[in-house]
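Here the structure comes first, spelled out in structure tokens, and everything after it is commentary.
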Amino acid sequence: MIIITTHKESDFDALASLIAASLLYPDAKPVLPMSVNANLKAFLAIHKDLFKLYSPKDIIFDHVTTLVVVDTHSWNRLDGMEQLKDNLDLEIIVWDHHSEGDIVTPHKHIRETGATVTLLVKEIEKQKKEITPIQATLFLMGLYEDTGNMSFPSTLPEDAYAAGFLLEQKADLHILSTFLRQAYGKKQKDILFQMIQDAKRKEIGGFSISIAKMETAGRIQNLAMVLQMYREIVNVDAAFGIFKDIERNKCMVIGRSSIDEINIGLLMRSIGGGGHPGAGSALLKAVNPDTIEEILLELISGNQHSSVMLSDIMSYPVVTINEDRKIKTAAMKLRELGCTGMPVVDKEGKIVGVISRRDFKKLRKSKEMNSPVKAFMTRNVITISYDKSIIEAARLMIKHDIGRIPVLKKNKIVGIITRSDAMTYFYDLVPD
Ligand SMILES: [Mn+2]
Numbered sequence: 064m065i066i067i068t069t070h071k072e073s074d075f076d077a078l079a080s081l082i083a084a085s086l087l088y089p090d091a092k093p094v095l096p097m098s099v100n101a102n103l104k105a106f107l108a109i110h111k112d113l114f115k116l117y118s119p120k121d122i123i124f125d126h127v128t129t130l131v132v133v134d135t136h137s138w139n140r141l142d143g144m145e146q147l148k149d150n151l152d153l154e155i156i157v158w159d160h161h162s163e164g165d166i167v168t169p170h171k172h173i174r175e176t177g178a179t180v181t182l183l184v185k186e187i188e189k190q191k192k193e194i195t196p197i198q199a200t201l202f203l204m205g206l207y208e209d210t211g212n213m214s215f216p217s218t219l220p221e222d223a224y225a226a227g228f229l230l231e232q233k234a235d236l237h238i239l240s241t242f243l244r245q246a247y248g249k250k251q252k253d254i255l256f257q258m259i260q261d262a263k264r265k266e267i268g269g270f271s272i273s274i275a276k277m278e279t280a281g282r283i284q285n286l287a288m289v290l291q292m293y294r295e296i297v298n299v300d301a302a303f304g305i306f307k308d309i310e311r312n313k314c315m316v317i318g319r320s321s322i323d324e325i326n327i328g329l330l331m332r333s334i335g336g337g338g339h340p341g342a343g344s345a346l347l348k349a350v351n352p353d354t355i356e357e358i359l360l361e362l363i364s365g366n367q368h369s370s371v372m373l374s375d376i377m378s379y380p381v382v383t384i385n386e387d388r389k390i391k392t393a394a395m396k397l398r399e400l401g402c403t404g405m406p407v408v409d410k411e412g413k414i415v416g417v418i419s420r421r422d423f424k425k426l427r428k429s430k431e432m433n434s435p436v437k438a439f440m441t442r443n444v445i446t447i448s449y450d451k452s453i454i455e456a457a458r459l460m461i462k463h464d465i466g467r468i469p470v471l472k473k474n475k476i477v478g479i480i481t482r483s484d485a486m487t488y489f490y491d492l493v494p495d
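The opening position of the sequence shown corresponds to residue 64 in the working numbering, with each subsequent residue numbered one higher.
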């Protein structure tokens with residue numbers, strides 16, 4: 064016997080994936096855990112008869128030969144499957160969009176899409192299986208719920224393609240909005256109350272801001288709405304929420320601002336996210352919330368004298384080339400170093416430009432390989448002083464779309480700061 068199951072506290076993505084998998088494994092019995100979340104309960108109250116679902120209690124586990132697990136691959140998130148754990152003959156197939164899990168099998172279909180159902184829908188489309196409008200509706204609900212209507216940063220293009228395919232299969236958007244509407248539920252309310260209780264205000268440059276740090280177990284929907292309410296209640300110019308999902312070891316950072324001077328989109332882009340001036344977010348992997356708070360405060364106050372100086376994390380020594388050397392020599396040096404570009408200096412060692420592989424495209428004839436570097440180098444060089452902060456460097460990289468910035472001390476190059484140096488700082492943080 065083949066069974067399919069999913070995680071406890073099942074949500075729409077879990078049920079959608081369960082049903083979608085039953086189309087791919089038509090002989091399998093879909094087993095829904097006993098506990099399902101509130102939205103799903105409301106949906107099942109009306110639609111249950113449309114789906115042939117089993118409870119863990121209906122299953123004779125001795126007869127199970129194959130277990131298909133969807134939307135999780137952690138044993139402790141399954142309901143009533145304990146007896147299968149020690150069955151060494153059991154074949155296990157996983158379909159999941161979570162990166163972490165302890166279910167071991169060679170048959171894994173794991174990709175960090177916005178929703179698990181995306182992966183299954185893709186396969187259904189590939190195998191040209193028929194789906195009914197009600198199935199398409201359920202699948203789309205799973206997709207919308209897990210991607211926050213395609214707004215979460217985790218959403219991938221294939222999630223949107225899957226949504227398009229489901230709409231073609233006549234997914235019903237009216238039903239969808241009815242059941243997905245309960246955006247502000249108990250979980251959100253609890254978080255909001257906790258945030259208000261812990262609320263701290265800070266004055267920076269004449270503006271009031273508040274940063275709330277919270278731990279959540281698993282992903283919570285609609286945190287952006289919670290943060291919006293929080294900003295209004297606490298009544299600050301800008302509010303930030305740093306939500307650490309302890310299960311997935313990720314931090315969701317959300318910001319809302321009502322003043323021009325604090326540009327949330329800019330701030331979030333500095334830490335790898337995005338947004339517009341009034342609202343934005345970033346999803347960071349394995350970062351300490353205190354560090355994020357520190358970075359945000361530093362960015363807001365525009366403090367040039369960050370505790371970590373560029374000189375602490377820049378790369379050095381820097382290979383440079385004299386402006387009078389031949390292009391040919393520069394090309395050879397770059398190839399040797401495996402770099403895309405290097406600073407060009409004059410006799411005094413002062414930086415006068417940058418030569419990069421991109422500049423070689425300007426060469427017309429091969430004899431131009433003997434021209435001096437200064438003839439083809441880029442003269443507008445963005446540099447940064449060694450006593451500036453890494454955040455300032457990151458801002459320059461974003462503003463000018465460049466991956467490396469020479470670091471200067473009294474007009475001399477003392478190092479180079481690269482995008483990967485900046486990333487190391489933001490994600491793994493400061494070297495001791
Ligand atoms: Mn999911």
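We treat Cβ as the ideally placed atom computed from N, Cα and C, and that holds for glycine.
Item, Value
"heavy atom of ligand 1 below 7 angstroms from Ala342 C-beta", "no"
"Boundaries (first-last residue) of the beta strand (DSSP E) holding Asp121", "Asp121 -> no beta strand (DSSP E), and no H or E assigned at all."
"Exposure of Tyr293, with buried meaning 16 or more beta-carbon neighbours within 10 Å", "buried"
"CA-to-CA distance, Ala101 to Ile479, given in whole angstroms", "54 angstroms"
"Beta bridge counterpart(s) of Glu154 as assigned by DSSP", "Thr129"
"Under 5 angstroms, CB to nearest heavy atom of ligand 1: contacting residues", "Asp76, Asp134, Thr179 and Asp209"
"Asp76 versus Leu243: straight-line alpha-carbon distance, rounded", "12 angstroms"
"Spatial distance of Arg319 from Ala457 (CA atoms)", "22 angstroms"
"Close-in-space but distant-in-sequence residues of the same chain around Arg332 (CB under 7 angstroms, 5 per side omitted)", "Ile461"
"Runs of alpha helix (DSSP H) lying entirely within the segment 188-236, each at least 4 residues, in chain order", "196-210 and 220-231"
"CB-CB length for Met97 against Ser80, believed under 8 angstroms", "No, Met97 and Ser80 are not in contact; Cβ-Cβ is about 18 angstroms, not under 8 angstroms."
"Nearest-angstrom Cα separation, counted from Ile82 out to Lys111", "12 angstroms"
"Pro352 versus Lys307: straight-line alpha-carbon distance, rounded", "7 angstroms"
"Every unbroken alpha helix (DSSP H) inside the segment 376-461 [4 residues or more]", "390-400 and 420-423"
"Residue closest to Val436, alpha-carbon to alpha-carbon, out of Val299, Pro220 and Arg388", "Arg388"
"CA-to-CA distance, Asp253 to Tyr247, given in whole angstroms", "10 angstroms"
"DSSP three-state assignment for Glu186, whether helix, strand or coil", "helix"
"Residue(s) in a DSSP beta bridge with Asp159", "Ile173"
"Residues that DSSP places opposite Phe303 in a beta bridge", "Ile274 and Gly318"
"Ile283 to Arg311 span [Cα, whole Å]", "12 angstroms"
"Beta-carbon spacing of Ile390, Glu431 below 8 angstroms", "yes"
"DSSP bridge partner residues for Asp112 (one or two, in chain order)", "Its beta-bridge partners do not exist; DSSP assigns none."
"Whole-number beta carbon distance between Gln190 and Leu87, since they are thought to touch under 8 angstroms", "7 angstroms"
"Own chain residues within Cβ distance below 8 angstroms of Phe228, not counting five before or after", "Val184 and Glu188"
"Burial state of Asp74, where buried means 16 or more other Cβ atoms lie within 10 Å", "buried"
"Extent of the continuous alpha helix (DSSP H) run through Gly328", "Ile327 to Ser333"
"Inter-residue Cα distance where the pair is Val133 and His70", "8 angstroms"
"Limits of the unbroken alpha helix (DSSP H) element including Glu72", "Counting along the chain, Glu72 falls outside any alpha helix (DSSP H), and DSSP gives it neither H nor E."
"Residues that DSSP places opposite Pro93 in a beta bridge", "Ile67"
"As assigned by DSSP and simplified to three states, the class of Glu356", "helix"
"Beta strand (DSSP E) segment containing Pro465, residue limits", "A small fix is needed here, since residue 465 is Ile in this sequence, not Pro. Where Ile465 is concerned, there is no enclosing beta strand (DSSP E), given that its DSSP letter is neither H nor E."
"Outcome for Gly337 when other beta-carbon atoms lying within 10 angstroms are tallied against a minimum of 16", "exposed"
"Assigned exposure category for Ala91 - 16 Cβ within 10 Å defines buried", "buried"
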